[in-house]
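Peer 1: Below is one structure. I have some questions about it.
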Amino acid sequence: MTHRLITSRITGFCIVALLFAVLAVPATAQTAGKTWEIGFNAGSGDLGGDDELDLERRFDGRVGYFLNDHVQLELQLLRADAILDAELLVGLGNVVVNFRPESRVVPYVLAGGGIARIEDFQIFGDEPDEEDDGTVFQVGVGTRIFLGDSDVIALRLEVSNLWTDTDVFGSTQDTSLTAGMSWSFGR
Numbered sequence: 382m383t384h385r386l387i388t389s390r391i392t393g394f395c396i397v398a399l400l401f402a403v404l405a406v407p408a409t410a411q412t413a414g415k416t417w418e419i420g421f422n423a424g425s426g427d428l429g430g431d432d433e434l435d436l437e438r439r440f441d442g443r444v445g446y447f448l449n450d451h452v453q454l455e456l457q458l459l460r461a462d463a464i465l466d467a468e469l470l471v472g473l474g475n476v477v478v479n480f481r482p483e484s485r486v487v488p489y490v491l492a493g494g495g496i497a498r499i500e501d502f503q504i505f506g507d508e509p510d511e512e513d514d515g516t517v518f519q520v521g522v523g524t525r526i527f528l529g530d531s532d533v534i535a536l537r538l539e540v541s542n543l544w545t546d547t548d549v550f551g552s553t554q555d556t557s558l559t560a561g562m563s564w565s566f567g568r
């Protein structure tokens, strides 16, 4: 089975699981009425594995401000890397649109843009290290699943595509699957 087929099946499974979770959970107040959110995610940096940079791990931190119950502005810092090979550092500004903010499961879509820095290390090769700065764009779909009765802590699952464009490395596209935690508070 090819990597692309595996990636499409994983993505399809995640979207179907997200839809089942959204439709099956009863409503209780969660992101509705909140002002701020902070969180972190970790997971795979490149499910496709067909780009020059094979980003195996991804870690990100986020802070968001809710304009209203449905729309959130979010700053995201992420690091994706391949062990002893390459590293991608990204700063993004995202717009997050939340659906069903009053429920225990809050699905969302996001889109954003920002800046990227890629460093390619040649540990065992004769070529020099390469690094470059460029632009980055992201789209994603995810959900928050709130835990307990506090309406504050949530498990956050996300599938996203990240397009990076630099002079040295050209254009790359990475599909990521991440999971993490977030805390909503305020008002």
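Our numbering applies: residue 382 is where the sequence shown begins, and numbers increase by one. Glycine residues also receive a C-beta, built at the ideal position from the N, C-alpha and C atoms.
If we count the other Cβ atoms within 10 Å of its Cβ and call it buried at 16 or more, is residue 408 buried or exposed?
Peer 2: Only weak support is given to the placement of residue 408: the predicted model assigns it a pLDDT of 41, under 50, and the question is left unresolved by the model.
Peer 1: Count the other CB atoms within 10 Å of the CB of residue 560; is the residue buried (16 or more) or exposed (fewer)?
Peer 2: Exposed: under 16 other Cβ atoms inside 10 Å.
Peer 1: CA-CA distance, residue 545 and residue 423?
Peer 2: Residue 545 and residue 423: Cα-Cα distance of roughly 19 Å.
Peer 1: So is residue 449 buried or exposed if we call it buried at 16+ other beta carbons inside 10 Å?
Peer 2: Exposed.
Peer 1: If you run the structure through DSSP and keep just helix, strand and coil, what is residue 546?
Peer 2: In the structure shown, residue 546 sits in a strand (DSSP, three-state: E or B).
Peer 1: Determine the contact status of residue 443 and residue 458, defining contact as a CB-CB distance below 9 Å.
Peer 2: Yes, the Cβ-Cβ distance between residue 443 and residue 458 is below 9 Å.
Peer 1: Could you name the residues of the same chain whose beta carbon sits closer than 6 Å to that of residue 468, not counting the 5 residues immediately before and after it, in chain order?
Peer 2: Answer for residue 468: 462 and 500, listed in chain order.
Peer 1: What would DSSP say about residue 553, mapped onto helix, strand or coil?
Peer 2: Residue 553 falls in the strand class under three-state DSSP.
Peer 1: What number of angstroms, rounded off, separates the C-alpha of residue 565 from the C-alpha of residue 520?
Peer 2: Approximately 22 Å between the Cα atoms of the pair.
Peer 1: Between the alpha carbons of residue 567 and residue 488, how many angstroms are there, rounded?
Peer 2: In a straight line, the C-alpha of residue 567 is about 20 Å away from that of residue 488.
Peer 1: Tell me where the beta strand (DSSP E) around residue 420 begins and ends.
Peer 2: Where residue 420 is concerned, the enclosing beta strand (DSSP E) stretches over 417–425.
Peer 1: Do you know offhand how far residue 532's Cα is from residue 478's?
Peer 2: Going from the Cα of residue 532 to the Cα of residue 478 covers about 19 Å.
Peer 1: When you compare only the Cα positions, how much space is there between residue 421 and residue 441?
Peer 2: Spanning the two alpha carbons is a distance of roughly 6 Å.
Peer 1: Rounded to a whole number of angstroms, what is the C-alpha to C-alpha distance between residue 496 and residue 482?
Peer 2: In a straight line, the C-alpha of residue 496 is about 30 Å away from that of residue 482.
Peer 1: Let me confirm a value: residue 416 is counted as buried when at least 16 other C-beta atoms fall within 10 Å, else exposed. Which label applies?
Peer 2: Classification for residue 416: exposed.
Peer 1: Check whether the Cβ atoms of residue 538 and residue 556 lie closer than 9 Å to each other.
Peer 2: No, the Cβ-Cβ distance between residue 538 and residue 556 is not below 9 Å.
Peer 1: Taking a contact to mean a Cβ-Cβ separation below 9 Å, would you say residue 547 touches residue 513 in this structure?
Peer 2: Closer than 9 Å, so yes.
Peer 1: Starting from residue 521, follow the beta strand (DSSP E) in both directions and report where the run begins and ends.
Peer 2: Its beta strand (DSSP E) spans residues 511–527.
Peer 1: Within this structure, are the beta carbons of residue 493 and residue 473 separated by less than 9 Å?
Peer 2: Going by C-beta atoms, residue 493 is nearer than 9 Å to residue 473.
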